[in-house]
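Top line first, the protein sequences correspond to chains A and B. Residue numbers for the first sequence follow the working numbering, beginning at 1 and rising by one. Residue numbers for the second sequence follow the working numbering, beginning at 1 and rising by one. Note that the Cβ used here is the ideal one computed from N, Cα and C, for glycine as well.
2 protein chains.
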Amino acid sequence: MTVHDTTSTLTGDQLIGAQDVPGTGEEFHAVDPRTGERLEPAYRFGGAADVARAAALAWDAFGTYRNTDQETRAAFLEGVADRIDALGAELIDRVTAETGIPEARVTGELARTTNQLRLFARVVRDGGWLGARVDPAIPDRTPLPRPDLRQRRIPLGPVAVFAASNFPLAFSVAGGDTASALAAGAPVVVKAHPAHPGTSELVGRAIRAAVAEHGLPEGTFSLLQGGRELGVALVTDPRIRAVGFTGSRQGGLALVAAAAARPVPIPVYAEMSSVNPVFLLPGALQEKAKDLGPAYVASLTTGAGQLCTSPGLVFAVEGDGLDSFVESASAALAETAAAPMLNAGIRQAYDDGIRRLAGTDAVTEVARGGDDPAIACGGRAALFVTDGDAFLADRSLQDEVFGAASIVVRVRDHAQLLRIAEALEGQLTATVHATPEDHGQAAELLPLLELIAGRVVFNGWPTGVEVGHAVVHGGPFPATSAPATTSVGTRAIERFLRPVGYQDAPAALLPAELRDGNPLGIWRRVDGELGRD
Amino acid sequence: MTVHDTTSTLTGDQLIGAQDVPGTGEEFHAVDPRTGERLEPAYRFGGAADVARAAALAWDAFGTYRNTDQETRAAFLEGVADRIDALGAELIDRVTAETGIPEARVTGELARTTNQLRLFARVVRDGGWLGARVDPAIPDRTPLPRPDLRQRRIPLGPVAVFAASNFPLAFSVAGGDTASALAAGAPVVVKAHPAHPGTSELVGRAIRAAVAEHGLPEGTFSLLQGGRELGVALVTDPRIRAVGFTGSRQGGLALVAAAAARPVPIPVYAEMSSVNPVFLLPGALQEKAKDLGPAYVASLTTGAGQLCTSPGLVFAVEGDGLDSFVESASAALAETAAAPMLNAGIRQAYDDGIRRLAGTDAVTEVARGGDDPAIACGGRAALFVTDGDAFLADRSLQDEVFGAASIVVRVRDHAQLLRIAEALEGQLTATVHATPEDHGQAAELLPLLELIAGRVVFNGWPTGVEVGHAVVHGGPFPATSAPATTSVGTRAIERFLRPVGYQDAPAALLPAELRDGNPLGIWRRVDGELGRD
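See the structure below:
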């Protein structure tokens, strides 16, 4: 493995507009979770003055940035993507060092991240997000004339983005929240995740360079280093108008509460916890129980189980098929090697979660993955079994154990399976394995799963989130704090927009997207009818 | 005036699904605010058991109702409209008796209400609200095949609607919240406003009859009588999944807090307070100050000023034009007759607000409307003047006085006008009067007004909200609790929907709107491209 030395590129500073600003808090370092090695340079958390400065710059930038034309904004997003791609091996090595994520996965995540930025460039050019509507005046209507009314969407204002630890690129500094906010016309202030400050700085500098190159105001992007305290300061700054967050339930709810307590509350789009239930229907079990076991373990152990879509619960009616599934899954899981978890805190929480499950009377551990003391933050996969009655009786079995732990629930019968589906908390995903013979049962299950999940997967596994137009990466509480939204895919842009109506506006004052003759050539609803003329 | 005797039709009961359920609280009566006369029959507030029963029925109905096809749901909405229209004079008389709103306005509001239901029927048939998206599979994509992903929107669940006092039809039992929720596929539980229980019962019975006629489950609609306590019980019932509210800031925020404190929080779409600033630019003042005065007073005194879009603040740079405007407005206002306010509580709050303004040093009363002791709850219009410095120094001058009170603010110069626009709270509307010579100044003002208002009106007045596709009746906090939404117009349906994704779903299990070949013929995004094929 060639490790690029990023210590010469990295300064350990925050990026506040065009300025490099050292933090003022205690020194901290990224740690390689594979080796426990401390990585240079040192970083420090920023303080209240840094938050205020970044927010003020973002507010200053807002007036200009939100009014950039579609092409300027799209080209900027593509410029960000190009500059991140150009970091190449230097970035990939720093990510693997800071997170322990294998190079192949980092390479894939990098492609996903820059493709995502380019996808949002296309979204910006399409202009559908503007939600343009025109209801022309009807001056001779009785009893009252109808005024001319036009509507478009404008960005809410500067957005605070809280980076996640588990996707150091795709859900971090230039991840989906940042890409969709910038696409919406919102300046972004990112709070970096303290577990990968060097990755954050590299990506942040790429964004900053694109900001300058495209002639945008410096406050279009800032990057702060910080923890809970800086996060709350950021969310409560009056110039911040929306928040994107991916992380723990506790962290997300703290920001939701802080945002709700502001004199002017703002929306927090927090993606939090999900255990991603999987339902194995009888036909599927009969046909392929032995294949489903290893496939399940492969999904469960992807990223050491540290994916928000990791399958933490499997439900099936008891019988030979289920026995065979548990057997094949146990065998596959026992053969998995220990994998580095993201950091010591996550590893500790995972071990605590495993101990809690192992200590629950109605839960039986049926398999553990291999151990490897050479890995500093190594996580061992774990498989548990319980039954439907016990599951329904103990709500805590729905709590997420972040990591490669999962419970197979032996359900009494199909009626109990349906009761369980009704009793589940909100989820990012729900998965059904079904053969055509199962479609009757699946048709009963699906309406229940729609109500608890953002995405329903058939005959696959929940991990692996496609970034496109039709994907939903969201879901009812506690999966997210805003069930009507998605944090992945093109609809993510909608979180940062709101409609404004213009009544009898003089043509000279109308934005281009609402002018007569549709000069931008975008889709608009005219008198309710979609068209592009 | 022919008063139809509705006491024979009305029972004083709540309508819980198909059942008439008497309340259990203390007896109350509607009161004619013109005469102080007590109207029969007696009503009683419902209790916790009524809330639970209505919510349980709504939840039971949800599975069926949300899956009704577009035509069934559209025909039902039209059926509701027809049955309300058929009430005719009986309904109009009851509304005027319970609210003091003149018959001509009630007739207009009735037409608006039933037109709104029919508009939502057309929205349902259009199907755009389904937000259908299809990203077809790409099995041979490398490095990984792309799954088939499809997305549609489904309703959140049963919706609680809190009726407003000031629009006893258009924002009440069958108002915009109810119409858009029913259109979205959500059963509705309405908490009637205690000031017009008879109107509520009449309209509620019309909806119930349409529910039965169209073969829908009884829980599709219920009507409860109650106050704050019942309201909180309704919002915290686990089967209620969203809330529509129009009313006071205090009332709205209480529901927002109750909803946020639930184990599973839900969205509250509360339309609250707005003072609807009006900006008179120099050219407009020079050209038509004498006409603007009476037009302003006409808007201000519509509905005795009890409209959420009533113009409570006017800003203009001082000078002859403004003097002339204030003079003409004062003269017009002094000639207005007292008008019945909706009820004694609102009248009392209005008088308190007037006293507060009159007692503020920097504020001068320049005109009062006529008095009429014969009207039990008569409200007198009031016009005040202050200056820009005083306005910027005293945040309380932005507080809504619900009724026909307004302040004209003499602003020092254009720079101060812009500072004021920046300092304003969130509003439903902002209005600009400008001639072509003013367009330079208007172009500076407009970007500020977009950020604080849901609708920007040019050369008109904010009262009079057109129900269409392009209207926005919403706006930043405190105008509403959900600035990205509108409570009037076709986009109101979006409040009650959320997207769900389907990955690799077998054709047999897909909803019609997502099937290959687009059997419903609706607009869909396929691979991001809008089309109807």
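When rounded, the separation of the alpha-carbon atoms in ALA339 (chain B) and PRO478 (chain B) is 28 Å. In the DSSP assignment, THR480 (chain A) is bridged to A:GLU271. The beta carbon of VAL80 (chain B) sits no closer than 7 Å to any beta carbon of chain A. A contact is defined here as three or more CB-CB pairs under 8 Å, and the stretch 39-46 of chain A meets this definition with respect to the stretch 219-228 of chain A.
For HIS439 (chain A), the chain B residues whose Cβ falls inside 8 Å of its Cβ are PRO506, ALA508 and LEU509, in order along the chain.
Within chain A, ARG455, VAL456 and PHE458 have C-beta atoms less than 8 Å from the C-beta of TYR502 (chain B), given in sequence order. In the three-state scheme derived from DSSP, where H, G and I count as helix and E and B as strand, GLY157 (chain B) is classed as coil. Within the same chain, Cβ atoms closer than 6 Å to the Cβ of ALA121 (chain B) are found at ALA74, LEU77 and GLU78, the five residues on either side in sequence being excluded. Exclusion of the five residues before and after GLN503 (chain A) leaves PRO147 and LEU149 as the residues of its chain whose Cβ lies within less than 6 Å of its Cβ. In the displayed model, VAL297 (chain A) falls within a helix according to three-state DSSP.
Distance between GLY25 (chain B) and ALA259 (chain B), taken at the CA atoms: about 24 Å. The C-beta of GLU466 (chain A) comes closer than 7 Å to at least one C-beta of chain B. In this chain, PRO277 (chain B) is not harboured by any alpha helix (DSSP H); it is covered by the beta strand (DSSP E) spanning 277-280. Contact of LEU149 (chain B) with chain A by beta-carbon distance below 7 Å involves GLU466, GLY468, ALA470 and VAL471. Per DSSP, the beta-bridge partners of ALA30 (chain A) are A:LEU39.
Annotation for SER248 (chain B): MET272, SER273 and PHE402 place their beta carbon closer than 8 Å to its own, counting only its chain and skipping 5 residues before and after. Bridge pairing for ASP135 (chain A): A:LEU149 [DSSP]. Counting only residues of its own chain and dropping the five nearest sequence neighbours on each side, ASP413 (chain A) has a CB closer than 8 Å to the CB of VAL317. Neighbours of GLU98 (chain A) in chain B, taken as residues whose beta carbon is under 9 Å from its own, are absent, since the nearest beta carbon is some 24 Å off. Annotation: Cβ neighbours of PHE477 (chain A) in chain B (cutoff 7 Å, chain order): VAL264 and PRO265.
Two segments are said to touch when three or more pairs of C-beta atoms, one from each, lie closer than 8 Å; by this definition the stretch 130-143 of chain A does not touch the stretch 494-502 of chain B. Within the same chain, Cβ atoms closer than 7 Å to the Cβ of VAL123 (chain B) are found at TRP129, ALA183, THR490 and ILE493, the five residues on either side in sequence being excluded. Between the alpha carbons of PRO187 (chain A) and PHE279 (chain A) lies a distance of about 42 Å. For GLU27 (chain A), no CB of chain B lies under 7 Å from its own CB, so it is not counted at the interface with that chain. Taking a beta-carbon distance threshold of 7 Å, LEU446 (chain A) counts as an interface residue toward chain B. Proximity of chain B to GLU513 (chain A) at the Cβ level (cut-off 9 Å) is not reached, the minimal Cβ distance being about 12 Å. In the DSSP assignment, PRO499 (chain B) falls within the beta strand (DSSP E) that extends over 497-503.
CA-to-CA, the gap between GLY475 (chain B) and ALA421 (chain B) works out to about 15 Å.
With respect to the 7 Å criterion, LEU333 (chain A) and LEU383 (chain A) are classified as neighbours on the basis of their beta carbons. Judged by their CB atoms, GLY369 (chain A) and ALA358 (chain A) are not nearer to each other than the 7 Å cut-off. Under the Cβ criterion (8 Å, minimum of three pairs), the stretch 251-266 of chain A counts as touching the stretch 235-243 of chain A. DSSP places VAL188 (chain B) in the uninterrupted beta strand (DSSP E) bounded by 188-192. The Cβ of PRO483 (chain B) sits closer than 7 Å to at least one Cβ of chain A. Look at the beta carbons and you see the stretch 151-167 of chain B not touching the stretch 32-40 of chain B: under three pairs across the two are nearer than 8 Å.
In terms of beta-carbon proximity, ARG133 (chain A) lines the interface with chain B, with at least one pair separated by less than 7 Å.
Straight across, the Cα-Cα distance linking ARG53 (chain A) with GLU218 (chain A) is about 12 Å.
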